[in-house]
Amino acid sequence: MSKADQFLSAAEELIGLAHDDFEAGRHDVAMENAYRAALRIAGARNAASPIVRKRKRLPTSAWDKLALTGDDGAHWAAVFKRYSTQRGRVASGIEMDPGAAVVHRLLSDAEEFYLSTRAGEAPMAA
Numbered sequence: 074m075s076k077a078d079q080f081l082s083a084a085e086e087l088i089g090l091a092h093d094d095f096e097a098g099r100h101d102v103a104m105e106n107a108y109r110a111a112l113r114i115a116g117a118r119n120a121a122s123p124i125v126r127k128r129k130r131l132p133t134s135a136w137d138k139l140a141l142t143g144d145d146g147a148h149w150a151a152v153f154k155r156y157s158t159q160r161g162r163v164a165s166g167i168e169m170d171p172g173a174a175v176v177h178r179l180l181s182d183a184e185e186f187y188l189s190t191r192a193g194e195a196p197m198a199a
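In structure tokens:
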């Protein structure tokens, strides 16, 4: 199994957990799992990207690396960067409940990102 496939498998599991948490009203945990799923999907795209593999000096942020992979990667990086600050506030306990609407949108974005990656919008390594 390729590194990209390992990342996607982990993302699929995290999306399932996020759904379970959301349905149980645990929006904070659902947010964390959905965000972590998106990070795994970014990891899959980054692992499969010849641009990322060739660069000697890479940014440390998964989103910044994803933005290097092309226009589609830059789009998804911008989508998920929007959630980063709030996710950090929730994870650190500063904000207790991110709200169902925000978490639902994040989960929907993560699912769309996953499906577009599985569908081959991003070049995937064999």
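Counting in this note's numbering, the sequence shown runs from 74 upward without gaps.
Idealized CB from N, CA, C, for every residue including glycine.
> Does DSSP put residue 76 in a helix, in a strand, or in coil?
Replying inline: In the sequence shown, the residue the question calls residue 76 occupies position 3. Reduced to three states, the DSSP call for residue 76 is helix.
>> Let me make sure I understand the geometry here. Which of 153, 141 and 91 has the alpha-carbon closest to that of residue 102?
In response: Within the sequence shown, the letter at position 29 stands for residue 102. Ranking the options by Cα distance to residue 102, first place goes to 91.
> How big is the Cα-Cα spacing for residue 168 and residue 149?
Replying inline: Position 95 of the sequence shown holds residue 168. Position 76 of the sequence shown holds residue 149. A straight line joining the alpha-carbon of residue 168 with that of residue 149 spans about 25 Å.
> Expressed to the nearest angstrom, what Euclidean distance is found between the alpha-carbon atoms of residue 194 and residue 188?
Replying inline: In the sequence shown, residue 194 corresponds to position 121, counting from 1. In the sequence shown, residue 188 corresponds to position 115, counting from 1. Confidence is the limiting factor: at residue 194 the pLDDT is only 49, short of 50, which leaves the residue's position unreliable and the question unanswerable from this model.
> Distance, Cα to Cα, residue 85 vs residue 183?
Replying inline: For the purposes of this step, residue 85 is identified with residue 12 of the sequence shown, where counting begins at 1. For the purposes of this step, residue 183 is identified with residue 110 of the sequence shown, where counting begins at 1. Rounded to the nearest whole angstrom, the CA to CA distance from residue 85 to residue 183 is 10 Å.
>> According to DSSP, simplified to helix, strand and coil, what is residue 129?
In response: In the sequence shown, counting from the first residue as 1, residue 129 sits at position 56. Residue 129 falls in the coil class under three-state DSSP.
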